[in-house]
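Quick notes on the structure that follows.
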Amino acid sequence: MTIRVREGRESDIEGIAKAHVQGWRESYKDFLSPEALAGLSVEERMRMWQRALAEPEPRARLLVAETDDGEIVGFIRGGPIRNKEARLLGTEAEIYAIYLLDRIKRQGIGRRLMHGVFDHLTHQGFRSVGLWVLKDNLGARRFYEALGGTAGPEQSFDLRGQIVTEVAYRFELAAKG
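Next comes the structure, spelled out in structure tokens:
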């Protein structure tokens, strides 16, 4: 199976929403209750993505990973810091979301998605990017560290009825030149 990485577009909303829900269920099955994961809705995620893409941030980038038959099996979106909570990252930009379905992990697709957004943000003049990851998600943390991310501050909050702790990761971007 060949996976193509390309720019996401508005017509991808349903596929992104499906990958988002399945990605959550697969990625967080060891960290969140089955009830919390069962409460996820493709329709709700579609509305969320419609809002996000209705007023696009010109400096943000959305990439999708797509199979030969057109199924979206992963995506990433990153851009400028959006709100004050994200400023805790201590960076100029952030990865808003990255999800891959389990069946395509460990094939270099996540790396391609991350580098695609990193390159875009570098060309937009950003020097650093951050993201939040569940502290207990050691697989994701190893992935970010392999990409050069350094762990930083932590924060705890209620995620779908459970108190979880996240850790910030910071990536330094190469200067344009």
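Residue numbering for the sequence shown follows full-length UniProt numbering, starting at 1 and increasing by one per position. Every residue gets a Cβ at the ideal spot worked out from N, C-alpha and C, and that includes glycine. Fair warning: this is a prediction, and the values are worked out from it, not measured in the lab.
Ala168 sits close to Gly152, with the two beta carbons spaced by under 8 Å.
Taking 8 Å as the cut-off, the beta carbon of His20 is found closer than this to the beta carbon of Arg45. According to the DSSP assignment, Pro34 belongs to the alpha helix (DSSP H) that extends over Pro34 to Ala38. In the three-state scheme derived from DSSP, where H, G and I count as helix and E and B as strand, Ser41 is classed as coil. The beta carbons of Val129 and Arg61 sit no closer together than 8 Å. Between Gly23 and Leu100, the gap from beta carbon to beta carbon is short of 8 Å.
The beta-carbon distance between Ile13 and Trp49, rounded to whole angstroms, is 5 Å. This is short enough to meet the 8 Å contact definition. In the structure shown, Leu53 adopts helical secondary structure according to DSSP, grouped into three states.
For Tyr144, the uninterrupted alpha helix (DSSP H) segment begins and ends at Leu138 to Ala146. Linking Arg141 to Glu71 through their CA atoms gives a straight-line distance of about 27 Å. Closest option to Ile109, judged by alpha-carbon separation, among Thr67, Phe157 and Ile163: Thr67. DSSP places Gly23 in the helix class (H, G or I) of the three-state scheme.
Collapsing the DSSP output to three states places Asp102 in a helix. Put simply, of Gly139, Leu131, Arg160 and Ala174 the residue whose alpha carbon is nearest the alpha carbon of Glu166 is Leu131.
In this structure, the CA atom of His115 is about 11 Å from the CA atom of Leu63.
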